[in-house]
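Engineer: Dropping a structure here in structure tokens format, bear with me for questions.
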Amino acid sequence: ATATASPLVEVKGVTLFVRNFGTVDPKVAGQALDNEANGKANQVTLGAVVTEDGKIQFLCKVGADAAAKGAHAGNLLREVAKVAGGGGGGKADFATAGGRDASKVDE
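Last residue of the sequence shown? That's 104 in my numbering, and every number before it is there in order.
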């Protein structure tokens, strides 16, 4: 994805918001992700943070309508983290995962 591309993509009737926050405090990124997801029932909101030691933290929130259509934060992040050499998961509505290869964040 390029910097000029919209962070919003339509996937199977669900809005997907993706953002690479880069190297920021994970709490700041988490708050921004919460703000983006708030009140958007048909949205999957996915963010990535690169920590100072070069690791990746992925965060994902899934709105109720998106979950009803089959979106699952834990399953999604498990697959996303694999690409970056990591793992993780969680519930249908919220999940976190880690990765080891920061060069793969955008992928």
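Here a beta-carbon is modelled for each residue, glycine too, at the ideal position from N, C-alpha and C.
1) Return yes when the Cβ of Gly71 is within less than 8 angstroms of the Cβ of Ala92, no when it is not.
2) Helix, strand or coil: how does DSSP classify Val80 here?
3) Less than 7 angstroms between C-beta atoms, sequence neighbours within five positions excluded: which residues of the same chain meet that for Gly51?
4) Could you check the C-alpha separation between Phe18 and Thr48 for me, to the nearest Å?
5) Ile53 and Gly96: beta carbons closer than 8 angstroms?
Structural biologist: Let me lay it out:
1) Yes, these two residues count as a Cβ contact at 8 angstroms.
2) Val80 falls in the helix class under three-state DSSP.
3) Closer than 7 angstroms at Cβ, skipping near neighbours: Ala99.
4) Answer to the nearest angstrom: the Cα atoms are 10 angstroms apart.
5) Yes, these two residues count as a Cβ contact at 8 angstroms.
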